[in-house]
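**Student:** In terms of this note's numbering, the sequence shown has 393 at position 189, counting the first letter as 1, and numbering is strictly consecutive. Heads up, the beta-carbon is just placed ideally off N, CA and C, and yes, glycines get one too. Quick one: the structure is below, questions incoming.
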Amino acid sequence: MAFEVPSLPAAAPLNPWLSIWIRPRATMRYILNTDPKAYVFGLCFIGTLLESLDRAAGRAIGDNIPFPFVLMLCAVFSLFGTLIGLEIGGRILRWVGGLLGGQGTLEGMKAALGWSSVPSLVGLLIWLPQLVVLGPDLFTTDMPRIDANPMLAMLVLATSGFEILLSAWAFVIYIKCLAEAHQFSSWRALGITLLIALPFVFIAACLIIGIGVLTLLGGRVA
């Protein structure tokens with residue numbers, strides 16, 4: 205039987221900014237019983253912004269786009285991503301969860317999405333000094349500042365590893381929060397997440413296979 209952290213009663217004093225890290229289910233219940241709408245949009249936006257910055261850096265979009273526009277694009281896409289994630293993603297989570305016996309509301313789904321983004325606050329605090337010190341180098345293929353300073357390169361590598369750990373723990377928090385919002389097990393919450401992701405994985409796999417086949421056929425024709 206999977207171990208579940210018991211929920212706290214509604215009146216129990218709790219600081220969700222701290223307890224969400226180690227008692228996510230109890231914290232989620234406390235939030236749902238007090239003010240489930242508080243900070244949700246801001247937390248989701250920060251989480252989406254951090255993901256946008258990571259993707260922009262990974263794809264080196266600064267090779268073709270000026271640095272200020274990179275930041276602006278990340279902010280704009282994060283805003284729309286937050287709106288879509290909360291309104292559409294929240295409804296999908298409520299619907300699929302309901303099919304599997306979940307009792308969560310749309311408000312509860314949004315709260316789970318928002319508060320599971322708390323680790324992104326730490327991630328953003330890591331990103332900001334890098335933006336100040338490295339600036340455009342973070343988003344380009346060539347990184348002269350990092351190449352010229354081995355210690356700086358090690359620091360960037362270490363922070364990247366720490367961000368991976370933060371992302372992993374954020375996912376654990378998300379599963380626990382979703383489970384509490386739906387009032388079922390964490391395993392079922394994980395199943396819902398995988399079930400929702402499956403169509404997107406299938407579409408992506410088909411696209412990759414299709415592109416590979418077209419490339420192979422094109423090479424043979426040439």
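1) To the nearest angstrom, report how far apart F375 and S320 are at their CA atoms.
2) Can you grab the Cα-Cα spacing for the pair K314 / V244, in whole Å?
3) Give the straight-line distance between the Cα atoms of R233 and T309, rounded to the nearest whole angstrom.
4) Evaluate the contact criterion for the stretch 361-373 versus the stretch 270-289: three or more CB pairs, one atom per stretch, below 8 Å.
5) Could you tell me if T344 is buried or exposed, where buried requires 16 or more neighbouring beta carbons within 10 angstroms of its beta carbon?
6) Going by other Cβ atoms of all chains shown within 10 Å of its Cβ, with 16 needed for buried, is G327 buried or exposed?
7) Take the Cβ of A362 as the centre, count every other Cβ of all protein chains shown within 10 Å, and call the residue buried at 16 or more, exposed below.
8) Alpha helix (DSSP H) containing R259: first to last residue?
9) Can you look up T345 in the DSSP assignment and give me helix, strand or coil?
10) Nearest to V322 by alpha carbon, out of R392, T419, S389 and P228?
11) For A214, which residues from the same chain have a beta carbon less than 6 Å from its beta carbon, with the 5 sequence-adjacent residues on both sides left out?
12) Compare the C-alpha of L332 against each of L297, L257 and W221 and name the closest.
13) For G250, which residues of its own chain have a beta-carbon under 8 Å away from its beta-carbon, when the five flanking residues on both sides are left out?
14) Alpha carbon to alpha carbon, what distance is there between L359 and L338?
15) Using only alpha-carbon positions, find the residue among L382, I407 and I412 that is nearest to R295.
16) Report the rounded CA-to-CA distance for R298 versus G306, giving the unit in angstroms.
17) By Cβ distance, which residues of its chain are closer than 8 Å to T419, with the 5 residues on each side in sequence left out?
18) For H386 and W225, what's the separation of their Cα atoms in angstroms?
19) Which residue comes first and which comes last in the alpha helix (DSSP H) that contains E384?
20) Using the rule of at least 16 other Cβ atoms within 10 Å of the residue's Cβ for burial, across every protein chain shown, is V181 buried or exposed?
21) Between the Cα of Y378 and the Cα atoms of D239, A242, G312 and R259, which residue gives the shortest distance?
**Tutor:** Answer, in terms of the structure:
1) 7 Å
2) 7 Å
3) 13 Å
4) no
5) buried
6) buried
7) exposed
8) V244 to G262
9) coil
10) P228
11) Confidence is the limiting factor: at A214 the pLDDT is only 46, short of 50, which leaves the residue's position unreliable and the question unanswerable from this model.
12) L257
13) Checking the sequence shown, residue 250 turns out to be Ile, not Gly. Result list for I250: S321, S324, L325 and L328, in chain order.
14) 12 Å
15) L382
16) 8 Å
17) none
18) 19 Å
19) P354 to H386
20) Residue 181 lies beyond the range of the chain shown here (205 to 426); nothing can be said about it.
21) G312
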